[in-house]
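To start, the structure itself, in structure tokens.
In the working numbering, the protein residues as written are 352 to 884.
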């Protein structure tokens, strides 16, 4: 029985099973005389792509409401500029129009100078001709994560979406405006075109089970009442866990079999062992507070008054918990058993960093463990960083006084590698904007040179060793060093000093990757921090 219809992960998007009511709700938005633009949201591994791919497939055929549809998964080959998005969007539009309205497709010249104007013209003509496309844009988070997409694109897209010839459905993990990386993008009116309540994709509901388990019926395999109940108890309705259990259960079921609770329990235990990686991924998709709740629910029912409403809503939407009277109880046996394994780690994390006081008390120990993981770094450089960590307590201000020493030594190591025989600036550096003939003494000016030679939006990197991450970290530490010399009574908090120390550790690692750290360098002694210019 190789053609099992259940699929957990893979190259292709699985077929939709269950979700009939959710799909009908989505279709109602699109079947109005003036259809809505719709945002579909939900966590990873809960079936957004399954729903959206099914939607695009259903509307690909000409119908009363749409001439055709396209499905674009933005998680793959994500556009990083406005022009790239316009070109790729135009390609998708052209492909689907060629099948149903080729005369409009012919207008779309992908080599055109201004694709937005061209798209506007085509959609205007389509509006006049009563042609409408449904554009399903999945993985919208990935596009918004690329901070170089500008408000101009969103405003242009809004102009197109105001015409009746285009409707957009997006898939993302959160509300679209919340995902914007820049304030400029966040202020675009594009986000206001969508129906005001996003459609949420969470766990399967009770009414989804008939459709989801239909492949068993079609193969003559019956799940009795006890089996169906146990199936729900093990999975909590989490779609990927449900698919994993159903796949193995159907694979092992003999023809014309009747399955009961013991069958489900036996197969579930095997699935628990085989699908540990899937549970890892679901666990990783939870923030630390949700993980803490899951660990607590694995051991006892928790009074609802002890869990904030927002977290309780997340637990329920994901199928991890249900209300029982005034308490919340675990509703997914897979996740409960997994959470029991993780409970000690969660408890240790809360014990060490559960509130501001415990964070301040324990962050130095964490940083000391972290710095001990660094290998291959210059010993003198590493010594300065260790002393910055040492001085976090009792007065975190003292920690930042090491920033100047760390930045100076990092820059010295960089120039020893980049300019080994002379401080004269190479000619190729001048081509990317460096205006000095020799290396200047001021560290701030050195950082400016480093910015240019490690690459900018206008030029490619010309540095022989140092990479952009190293420049960013060195520049940050240099800025902290300048701040440390001119605090003028400003108090430095433990969290500020700790973030500086963590950046210094990252600079150690990044520089060690870029350069071959000297093996015979002396170990730093207990001298005072370098406070010179």
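Cβ atoms here follow ideal geometry from the backbone N, Cα and C, with glycine treated the same way.
Ranking 807, 396, 509, 464 by CA distance to the CA of residue 361 puts 396 first. Residue 475 and residue 505 have their alpha carbons spaced roughly 18 Å apart. Here residue 587 is buried. Its C-beta has 16 or more other C-beta atoms within 10 Å. Between residue 456 and residue 469, the CB-CB gap reaches or exceeds 8 Å. Around the beta-carbon of residue 460, fewer than 16 other beta-carbon atoms lie within 10 Å, marking it exposed.
Going by beta carbons, residue 494 and residue 394 fall outside the 8 Å limit. Counting the other CB atoms within 10 Å of its CB gives residue 558 a total below 16, which places it among the exposed residues. Remark: three or more beta-carbon pairs, one from each stretch, lie closer than 8 Å, so the region 438 to 446 and the region 416 to 426 are flagged as touching. With contacts defined by Cβ atoms closer than 8 Å, residue 782 and residue 761 do not form a contacting pair. Between residue 407 and residue 390, the gap from beta carbon to beta carbon reaches 8 Å or more.
Within its own chain, the residues whose Cβ lies closer than 7 Å to the Cβ of residue 612, once the five positions on either side in sequence are excluded, are 577, 578, 581, listed in chain order. For secondary structure counted as the beta strand (DSSP E) over 3 or more consecutive residues, the region 574 to 606 holds no complete run. A distance below 6 Å between beta-carbons, with the five flanking residues on each side excluded, links residue 357 to the following residues of its chain, in chain order: 594, 597, 598. Taking the Cα positions, residue 452 is about 22 Å away from residue 388.
By the beta-carbon neighbour count (other beta carbons within 10 angstroms, threshold 16), residue 507 is buried. Residue environment for residue 794: buried (at least 16 other C-beta atoms within 10 angstroms of its C-beta). Looking only at 718, 830, 501, the smallest Cα-Cα distance to residue 845 is reached by 718. With 16 or more neighbouring CB atoms inside 10 Å of its own CB, residue 765 falls in the buried class.
In this structure, DSSP gives residue 654 an extended state, which the three-state scheme calls strand.
A check of alpha carbon separations from residue 652 across 677, 382, 856, 804 identifies 677 as the nearest.
In this structure, the alpha-carbon of residue 667 lies about 6 Å from that of residue 673. Shown here, residue 448 sits in a helix according to DSSP, grouped into three states. The DSSP-derived three-state label of residue 518 is strand. For a cut-off of 8 Å, the C-beta gap from residue 589 to residue 670 is around 5 Å, short enough to register as a contact. Boundaries of the alpha helix (DSSP H) harbouring residue 536: 534 to 537, taken from the DSSP string.
The beta strand (DSSP E) runs lying completely inside the region 387 to 456 and spanning 3 residues or more are 389 to 392, 419 to 424, given in chain order. Taking 8 Å as the cut-off, the Cβ atoms of residue 865 and residue 807 do not count as close.
Closest by C-alpha distance to residue 546, out of 458, 572, 759, 379, is 379.
In this model, residue 532 and residue 615 are separated by some 45 Å (Cα to Cα). Looking only at 627, 834, 499, 734, the smallest Cα-Cα distance to residue 432 is reached by 499. In the three-state DSSP reduction, residue 551 falls in the strand class (E or B).
Pairing residue 544 with residue 510, the inter-Cα distance amounts to about 10 Å. Beta-bridge partners assigned by DSSP to residue 484: 419, 517. Taking residue 355 as the centre and dropping the five residues before and after it, the same chain places the C-beta of 598, 601, 602 closer than 7 Å to its C-beta, in chain order. By the Cβ rule, the region 691 to 703 counts as touching the region 628 to 648, because three or more pairs are nearer than 8 Å.
Contact between residue 777 and residue 848 is ruled out by a C-beta separation of about 38 Å, above the 8 Å threshold.
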